[in-house]
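Notes to accompany the following structure.
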Amino acid sequence: MKPYTEEIQERFPGCTVKIDTDRTLTFISKERIALSPVLQYLDGKGISAFEAKELRPSLEDVFVSVTGVEATKLKKEKEKGGMAK
1 MKPYTEEIQE RFPGCTVKID TDRTLTFISK ERIALSPVLQ YLDGKGISAF
51 EAKELRPSLE DVFVSVTGVE ATKLKKEKEK GGMAK
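Just so you know, full-length UniProt numbering puts 15 at position 15 of the sequence shown, and the rest follows in order with no gaps.
What follows is the structure, encoded as structure tokens:
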């Protein structure tokens with residue numbers, strides 16, 4: 001799948017393509033991506049898709065992006081008696 005990375009990104013503007021393994025392809029986009037055109041494109045290249053799912057950031061990911069504080073650091077501070085009381 002790696003040879004298709006640039007071609008896929010050109011075909012689906014606004015998306016970043018990440019190939020995790022030889023069997024996993026991840027589309028990253030700020031907007032939702034319609035699945036049908038992606039499946040048609042892959043099928044045209046002879047690539048079969050067996051699973052597709054929407055991944056969203058976890059609550060912890062959102063917290064870190066908003067506050068800049070990692071949850072593990074916050075937990076350690078709380079255990080030490082630090083931070084606001």
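Idealized CB from N, CA, C, for every residue including glycine.
Values in this document were obtained by computation on a predicted structure and should not be read as measured data.
If you run the structure through DSSP and keep just helix, strand and coil, what is I8?
helix
Span of the beta strand (DSSP E) around F27:
Taken as a continuous stretch (DSSP letters only), the beta strand (DSSP E) holding F27 covers T24 to I28.
What span of residues does the beta strand (DSSP E) with V38 cover, start to end?
Here V38 belongs to no beta strand (DSSP E); instead the alpha helix (DSSP H) covers L35 to G44.
Answer with buried or exposed for I28, where buried requires no fewer than 16 other C-beta atoms within 10 angstroms of its C-beta.
exposed
To the nearest angstrom, how far is it from the Cα of T5 to the Cα of K18?
When only Cα atoms are considered, T5 and K18 end up about 8 Å apart.
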